[in-house]
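Numbering (this note's numbering), first residue to last: 38 to 437.
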Ligand SMILES: Cc1cc2nc3c(=O)[nH]c(=O)nc-3n(C[C@H](O)[C@H](O)[C@H](O)COP(=O)(O)O)c2cc1C
């Protein structure tokens, strides 16, 4: 952040103003799609948006260094479709100056919000001080939030990407992404809201101290995954810790979304009733289930009216296959066709819970195109033995 543009964080009034953006208009409880690296890519998010429309959608996290200076292909995690709105870009990193620049790019790309990852436990991210590593450096976490907010404010006030210190070639790349998405070179200038996604502690639960610290910076929303970094994904999410975070947030204007082990809309109802969160993010429950949000209005109604229930109907097998094939075609249309092996894990997740699913999954982890997917489905439906297409390049049918 250059010193000529730097001034102390935005005033309370400015911060409250940003809550006038999409978050303030969302119905409660908010039911959103959690960010998942390697999973919530643009074709999957568009499929989820088309199938059930969550209230808010987050991109996979992207490093601020990659956003500002990385090779062009690293920006593919920031490709999105208009149908996903409201869609929030999630970034991680540890350098406030780079966050300041990256915030300009997120705004220029027309995202509805910017979310800072303070929860990723992976060795490569957290050990270097980014992601959940920021729980150990709370002052730096504040600096990063202020820098990102400043970047958003300066962009809204008219600052260009090159004025912010980014290269002309990066500005051209962003413009090309915008043109491809909606035919317009840049998004209209506006202030977008800043949110944070985090965990309940690093090696011990310090949720009160940590959330109080984040609340001091007035993010519009905090999403809390009810595990410490050290727990990774082991054990059960601690919803009593999430509830304590929600109680603190209720004294402020910040929204508190709970996250962890929510597998269904019935779980959403139970968690919101019991723990008084403003909303819930669902991650792994959506794998192979992009229609999970379909009955979210019934879930919302059931939160306030205990006599109501939420249907847990599954789509027919034909529909499951059609949605899977549509996602495979979207993958080819939106992403680089050569990256199709990354779609295989999704195919594997769709092949679950019906007779012959295991054989179909074994064939799908070798699919190299949507044509392969269509052929495997047709073979399954005809009852013929499933042939595989090619040697497996990536056989990730489980979650990292
Ligand atoms: C494969 C995978 C990738 C993830 N990537 C991200 C990420 O990019 N950003 C983030 O904030 N959380 C990420 N998470 C954490 C999820 O957003 C969520 O907090 C966690 O999975 C718990 O929610 P769930 O039980 O509903 O899945 C990831 C989780 C998984 C399983």
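Ideal Cβ placement from N, Cα and C applies to all residues, glycine included.
Going by DSSP in three states, residue i sits in which element: helix, strand or coil?
| i | result |
| --- | --- |
| residue 430 | For residue 430, the predicted model reports a pLDDT of 40, less than 50, meaning its position is unreliable and no value from the coordinates is stated. |
| residue 205 | helix |
| residue 423 | coil |
| residue 145 | helix |
| residue 234 | strand |
| residue 417 | helix |
| residue 188 | helix |
| residue 400 | helix |
| residue 257 | coil |
| residue 287 | coil |
| residue 344 | coil |
| residue 68 | strand |
| residue 262 | strand |
| residue 280 | helix |
| residue 43 | Only weak support is given to the placement of residue 43: the predicted model assigns it a pLDDT of 35, under 50, and the value that follows is read from those uncertain coordinates. Of the three classes helix, strand and coil, the one that applies to residue 43 here is coil, per DSSP. |
| residue 317 | strand |
| residue 198 | coil |
| residue 168 | helix |
| residue 28 | Residue 28 is absent from the structure shown; the chain starts at 38 and stops at 437. |
| residue 228 | coil |
| residue 312 | helix |
| residue 334 | helix |
| residue 176 | helix |
| residue 293 | strand |
| residue 77 | coil |
| residue 243 | coil |
| residue 152 | strand |
| residue 267 | coil |
| residue 273 | coil |
For ligand 1, is there a heavy atom less than 8 Å away from the beta-carbon of residue i?
| i | result |
| --- | --- |
| residue 124 | no |
| residue 367 | no |
| residue 319 | yes |
| residue 297 | yes |
| residue 327 | no |
| residue 121 | no |
| residue 280 | no |
| residue 256 | no |
| residue 212 | no |
| residue 262 | yes |
| residue 154 | yes |
| residue 270 | yes |
| residue 267 | no |
| residue 76 | yes |
| residue 131 | no |
| residue 311 | no |
| residue 79 | no |
| residue 127 | yes |
| residue 66 | no |
Do you know whose CA, among the options, lies nearest residue i's CA?
| i | options | result |
| --- | --- | --- |
| residue 71 | 64, 412, 152 and 112 | 152 |
| residue 112 | 325, 118, 103 and 165 | 103 |
| residue 135 | 264, 120 and 167 | 167 |
| residue 297 | 178, 260 and 311 | 260 |
| residue 119 | 93, 417 and 203 | 93 |
| residue 348 | 212, 360 and 331 | 331 |
| residue 294 | 237, 198 and 242 | 237 |
| residue 124 | 211, 58, 386 and 108 | 58 |
| residue 143 | 390, 315, 289 and 96 | 96 |
| residue 198 | 229, 146 and 154 | 146 |
| residue 122 | 82, 239 and 281 | 82 |
| residue 393 | 378, 415 and 375 | 415 |
| residue 174 | 302, 156, 316 and 203 | 156 |
| residue 69 | 396, 109, 265 and 320 | 320 |
| residue 170 | 214, 206, 207 and 240 | 240 |
| residue 191 | 212, 267, 204 and 226 | 226 |
| residue 288 | 231, 249 and 276 | 249 |
| residue 35 | 423, 109 and 265 | Absent from the model: residue 35. The displayed extent of the chain is 38 to 437, so no value can be given. |
| residue 318 | 73, 61 and 212 | 73 |
| residue 311 | 202, 60 and 66 | 66 |
| residue 179 | 141, 218 and 256 | 256 |
| residue 262 | 387, 254 and 247 | 247 |
| residue 62 | 200, 209 and 292 | 292 |
| residue 376 | 196, 75 and 385 | 75 |
Any chance you could list the alpha helix (DSSP H) runs of at least 4 consecutive residues sitting entirely within the region 346-392, in chain order? 354-371 and 381-387
Using 8 Å as the cut-off, can you tell me whether the region 317-331 makes contact with the region 83-90, which would need three or more C-beta pairs spanning the two stretches below that distance? yes
Indicate whether the contact test is met: 3 or more Cβ pairs, each with one atom in the region 147-167 and one in the region 120-135, closer than 8 Å. yes
Please go through the region 101-139 and give each complete alpha helix (DSSP H) segment of 4 or more residues, from N-terminal end onward. 101-106
Check whether the region 335-345 and the region 292-306 are in contact - that is, three or more C-beta pairs closer than 8 Å. yes
Touching or not, the region 181-191 and the region 137-151, by the rule of three or more beta carbon pairs under 8 Å? yes
Contact between the region 401-420 and the region 358-365 (3+ Cβ pairs under 8 Å): yes
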